[in-house]
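In the working numbering, the protein residues as written are 6 to 795.
Scroll down for the structure; my scribbles are underneath it.
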């Protein structure tokens with residue numbers, strides 16, 4: 006890893022970070038409004054409105070709120086946003102979000118399949134959300150429930166809208182440095198100001214981070230979970246007249262990660278339950294540990310997962326000599342490159358009508374060489390490529406916001422490419438055959454095009470009651486295997502409505518109701534068409550088909566929002582019920598197509614490994630409650646918190662390989678979704694006071710709670726509840742601030758996430774032996790941050 010601090014001294018001087026913005030649902034400390042809580046303005050419905058007046062369940066964080074909580078990435082954000090869960094993967098190439106208990110079960114890094122999409126200035130982000138930082142942000146809005154009517158595709162469960170800072174007429178900037186234990190160093194900064202006063206302004210942002218990682222690989226002494234990151238962006242704001250504004254922004258991210266801090270756990274040496282099917286289904290015992298019987302091979306680990314011994318973590322990372330000539334690099338790492346160029350225009354005319362246009366061009370590339378089995382045994386390594394590109398276009402016309410009748414009409418187009426490839430590298434188990442990948446590293450190319458027309462109309466029935474109807478007519482065309490013999494296109498057309506009603510019970514209290522629908526378009530599987538008719542028949546009998554049907558969700562929500570007259574406290578509550586039908590799942594299958602009793606360990610159609618197979622997963626129902634509030638107790642003390650409870654019942658389940666493997670049946674009716682908790686919460690207390698005439702001081706304690714999470718639909722193993730506390734104490738001056746922080750104050754060692762997978766280390770030819778991949782906990786970390794503003 007390169008040394009960010011040493012290699013970028015000029016950037017450290019030139020790049021300086023942003024000053025605090027005006028929007029924040031945080032205490033307005035050290036000001037005349039210090040006993041109140043500022044009211045946030047959001048754009049969740051593509052127009053400016055108070056968060057208290059918006060008939061949606063929203064949590065919003067200003068740049069100040071993000072900094073106060075120490076939120077540097079999207080994984081951090083979810084810990085402070087109950088009801089939102091970050092589903093990690095072995096690397097940043099495959100992770101996603103879930104909201105309100107809805108989960109994909111297995112993230113793939115393919116944004117076409119996401120339940121929740123991240124937007125940056127109204128542009129859907131391409132690639133894994135794990136690659137997103139919080140640099141250069143004015144605020145983040147987390148909008149819960151289907152947002153398909155206004156945000157479009159892949160907002161089935163919700164949307165996370167990130168609004169970047171727009172440069173203004175004032176010359177200002179900030180430079181910051183953070184140093185923490187475990188070799189964690191960060192420099193950041195921005196500078197902005199007018200180029201032509203009142204007409205053209207610019208802003209430049211830079212952030213570099215080097216982190217060694219919390220854990221050491223016992224096999225070679227390398228660090229696990231480390232990263233070397235570099236990010237910069239530039240923004241131009243052009244306002245030739247007071248009614249016309251343009252914003253052009255470019256951002257570039259270049260990251261390098263070491264091997265992830267994950268480990269294979271709950272292996273055969275820990276089995277304590279089963280078999281649950283008697284007699285156990287037959288399987289070949291070839292390749293299993295010596296002396297293992299069929300009954301032992303059909304057992305499992307049941308119960309709460311424990312953190313592995315961190316002093317004996319072993320990840321094999323020695324690349325066979327035969328592979329070095331095939332691979333672009335031979336050390337285990339992930340390389341992530343991301344570019345985003347966007348341009349937006351807002352033209353206000355005729356006393357309040359606004360014409361808005363947004364265009365964007367975006368690319369992400371990931372190259373990843375890693376250990377496959379996440380264990381010390383030298384069985385397999387894997388090399389993967391993930392390339393995505395996207396262009397978006399949106400045009401909308403909005404009526405004046407202060408009219409009794411308001412409306413919006415827009416059109417949008419999204420064109421995205423998702424290309425992936427890779428292969429196995431065979432270890433010492435295979436003797437002279439070690440090496441690879443032996444198949445050419447060609448990409449499987451996929452494309453999706455989404456065209457839509459959307460709009461909304463709202464009417465004030467009385468001064469206190471407003472009714473709004475929103476809708477999107479959308480056509481998705483998804484093409485799998487572009488350029489391959491089995492190229493396959495499939496179209497889905499849908500009308501996605503949302504109806505909202507708001508009743509102002511008083512100037513401080515709003516009661517609202519909304520009903521919303523969302524969809525996931527039909528997914529095709531081109532590999533199916535590359536099989537022979539005989540192979541297709543065998544594949545169909547084992548769960549592989551040409552497509553998975555469209556998934557739909559119906560969401561019913563009622564909420565109450567109250568903000569006290571003096572602005573010292575607010576409390577927002579939402580109750581919801583949602584029905585998810587034809588849930589899509591992605592399966593990985595091994596199918597003996599030729600009946601020879603041996604699985605050919607290459608991806609189909611050349612081999613007998615079927616990856617990322619779309620299937621219908623059944624139906625579910627969820628009822629839940631969300632609460633968010635804060636209270637300015639005195640001019641010095643502010644406290645607040647949020648809470649989420651989601652009770653999900655699977656009413657029909659199909660094609661679940663874990664249920665089949667554990668219980669001999671595919672139906673998971675009555676089970677709980679994996680990787681998402683029923684209960685989660687966050688709370689904070691902050692104390693602000695004067696230290697000297699021109700220096701203030703503060704102390705802040707944040708606590709987060711994530712409830713029990715299962716590793717699979719079988720519900721036999723789980724992560725126990727995770728409770729974390731973070732402490733921050735600092736001094737603030739008009740031109741500088743100094744903060745000391747301790748993350749995970751009490752050194753909680755609960756795992757970050759876990760998911761069931763086959764033990765390819767002990768069962769290297771069939772991957773059927775049960776195991777769980779676990780992400781090691783982030784231990785206590787102490788550090789200091791210094792910022793200078795000018």
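Heads up, the beta-carbon is just placed ideally off N, CA and C, and yes, glycines get one too.
Note that the structure is a prediction, hence the values are computed from the model and not measured.
- Assuming residue 729 and residue 84 form a contact by the criterion Cβ under 8 angstroms, report the distance between their Cβ atoms to the nearest whole angstrom. For the purposes of this step, residue 729 is identified with residue 724 of the chain shown, where counting begins at 1. For the purposes of this step, residue 84 is identified with residue 79 of the chain shown, where counting begins at 1. Residue 729 to residue 84, Cβ: 7 angstroms. Contact.
- Looking at the unbroken alpha helix (DSSP H) that takes in residue 74, where does it start and where does it end? As a working note, residue 74 is residue 69 in the chain shown. First-last of the alpha helix (DSSP H) with residue 74: 68-74.
- Could you give the distance in angstroms between the alpha-carbon of residue 319 and the alpha-carbon of residue 269? By 1-based counting over the chain shown, the position of residue 319 is 314. By 1-based counting over the chain shown, the position of residue 269 is 264. Cα to Cα, residue 319 sits roughly 9 angstroms from residue 269.
- Identify the continuous alpha helix (DSSP H) that holds residue 502 and give its terminal residues. As a working note, residue 502 is residue 497 in the chain shown. Counting along the chain, residue 502 falls outside any alpha helix (DSSP H), though it belongs to the beta strand (DSSP E) covering 493-509.
- Item | Uninterrupted alpha helix (DSSP H) stretches inside the segment 138-188 (no shorter than 4 residues) | 153-156
- Boundaries (first-last residue) of the alpha helix (DSSP H) holding residue 328: Against the chain shown, residue 328 aligns to sequence position 323. 326-329 is the span of the alpha helix (DSSP H), which, as asked, contains residue 328.
- Task: Identify whether residue 35 lies in helix, strand or coil by the three-state DSSP scheme.
- Result: Counting from one through the chain shown, the residue named residue 35 turns up at place 30. Only weak support is given to the placement of residue 35: the predicted model assigns it a pLDDT of 40, under 50, and the value that follows is read from those uncertain coordinates. Three-state result, residue 35: coil.
- Query: residue 790 to residue 183, Cα distance in whole Å?
  - Reply: Within the chain shown, the letter at position 785 stands for residue 790. Within the chain shown, the letter at position 178 stands for residue 183. If you take the alpha carbons of residue 790 and residue 183, they lie about 4 angstroms apart.
- residue 59 beta carbon less than 7 angstroms from that of residue 70: Translated into positions along the chain shown, residue 70 becomes position 65. Translated into positions along the chain shown, residue 59 becomes position 54. Result no, Cβ atoms of residue 70 and residue 59 do not sit closer than 7 angstroms.
- Going by CA-CA distance only, name the one from 767, 778, 784 and 780 that's closest to residue 295. For the purposes of this step, residue 295 is taken as the residue at position 290 of the chain shown. The residue with the shortest Cα to Cα distance from residue 295 is 767.
- Message: Which runs of the beta strand (DSSP E) at least 3 residues long sit entirely within the segment 446-489? Give them in chain order.
- Response: 449-465 and 470-485
- List the whole-angstrom C-beta distance separating residue 154 from residue 501, where the pair is believed to meet the contact cut-off of C-beta under 8 angstroms. Translated into the one-based positions of the chain shown, residue 154 becomes position 149. Translated into the one-based positions of the chain shown, residue 501 becomes position 496. 5 angstroms between Cβ atoms; contact.
- Task: Mind checking which residues open and close the alpha helix (DSSP H) that includes residue 666?
- Result: The count along the chain shown starts at 1 and reaches residue 666 at position 661. Where residue 666 is concerned, the enclosing alpha helix (DSSP H) stretches over 662-668.
- Query: Assuming residue 726 contacts residue 752 under a Cβ cut-off of 8 angstroms, what Cβ separation, rounded to an integer in Å, is found between them?
  - Reply: Residue mapping note: residue 726 aligns to position 721 of the chain shown, counting from 1. Residue mapping note: residue 752 aligns to position 747 of the chain shown, counting from 1. Going by Cβ atoms, the distance from residue 726 to residue 752 rounds to 16 angstroms, so no, they are not a contact pair.
- Quick one: any contact between the segment 514-522 and the segment 556-576, if contact means 3 or more CB pairs under 8 angstroms? yes
- Task: Can you tell me the Cβ-Cβ gap for residue 619 and residue 530, rounded? I've got them flagged as a contact below 8 angstroms.
- Result: Here residue 619 corresponds to residue number 614 of the chain shown, with the count starting at 1. Here residue 530 corresponds to residue number 525 of the chain shown, with the count starting at 1. At roughly 6 angstroms, the Cβ-Cβ gap stays under 8 angstroms, so residue 619 and residue 530 are in contact.
- Pull up the DSSP beta-bridge partners for residue 305, would you. What you label residue 305 is simply residue 300 of the chain shown in a count that begins at 1. Bridge partners of residue 305: 278.
- CA-CA distance, residue 201 and residue 781? As a position in the chain shown, residue 201 is number 196, starting the count at 1. As a position in the chain shown, residue 781 is number 776, starting the count at 1. Between residue 201 and residue 781, the C-alpha separation is close to 51 angstroms.
- Task: Quick one: grab the DSSP three-state call for residue 792.
- Result: Working through the chain shown from its first residue, we reach residue 792 at position 787. Correct three-state label for residue 792: strand.
- Following the continuous beta strand (DSSP E) through residue 624, name the residue where it begins and the one where it ends. The residue given as residue 624 occupies position 619 in the chain shown. 623-637 is the span of the beta strand (DSSP E), which, as asked, contains residue 624.
- Task: Apply the 10 Å Cβ neighbour rule to residue 786 and answer buried if 16 or more other Cβ atoms are within range, or exposed otherwise.
- Result: Taking the chain shown and counting its residues from 1, one reaches residue 786 at position 781. It is buried - the Cβ of residue 786 has at least 16 other Cβ atoms within 10 Å.
- Cα-Cα separation between residue 525 and residue 159, rounded to whole angstroms: Position 520 of the chain shown holds residue 525. Position 154 of the chain shown holds residue 159. Roughly 7 angstroms between the two C-alpha positions.
- Query: Say the cut is 6 angstroms; is the CB of residue 626 nearer than that to a heavy atom of the ligand HEM?
  - Reply: The ligand HEM is absent from the structure shown, which contains no ligands of any kind.
- Expressed to the nearest angstrom, what Euclidean distance is found between the alpha-carbon atoms of residue 72 and residue 140? Start at 1 with the first residue of the chain shown, and residue 72 comes out as number 67. Start at 1 with the first residue of the chain shown, and residue 140 comes out as number 135. Their backbone Cα atoms lie some 10 angstroms apart in a straight line.
- Item | Nearest to residue 97 (by Cα), restricted to the options 68, 217 and 232 | One-based indexing of the chain shown puts residue 97 at position 92. Of 68, 217 and 232, the residue nearest in Cα terms is 232.
- Flag this pair as yes or no: are the beta carbons of residue 433 and residue 376 separated by less than 7 angstroms? Taking the chain shown and counting its residues from 1, one reaches residue 433 at position 428. Taking the chain shown and counting its residues from 1, one reaches residue 376 at position 371. No; because the gap between Cβ atoms is not below 7 angstroms, this pair is not in contact.
- Close-in-space but distant-in-sequence residues of the same chain around residue 447 (CB under 8 angstroms, 5 per side omitted): Mapped onto the chain shown, residue 447 falls at position 442. Counting only Cβ-Cβ distances below 8 angstroms, and skipping sequence neighbours, we find 426.
- Query: Thinking just about the alpha-carbon of each residue, which of 289, 244 and 496 is nearest to the one in residue 174?
  - Reply: By one-based count along the chain shown, residue 174 stands at place 169. The shortest Cα separation from residue 174 among 289, 244 and 496 belongs to 244.
- Hey, is the segment 300-310 in contact with the segment 279-288, meaning 3+ C-beta pairs nearer than 8 angstroms? yes
- Query: Is it true that the segment 595-605 meets the segment 127-136, where meeting means three or more beta-carbon pairs spaced less than 8 angstroms apart?
  - Reply: no
- Helix or strand or just coil, what does DSSP make of residue 126? Counting from one through the chain shown, the residue named residue 126 turns up at place 121. Correct three-state label for residue 126: coil.
- Message: For a quick check, are the C-beta atoms of residue 213 and residue 197 less than 7 angstroms apart?
- Response: In the chain shown, residue 213 corresponds to position 208, counting from 1. In the chain shown, residue 197 corresponds to position 192, counting from 1. Cβ distance not < 7 angstroms, so residue 213 and residue 197 don't count as in contact.
- Residue range of the alpha helix (DSSP H) that residue 542 falls in? Position 537 of the chain shown holds residue 542. That run of the alpha helix (DSSP H) goes 538-546.
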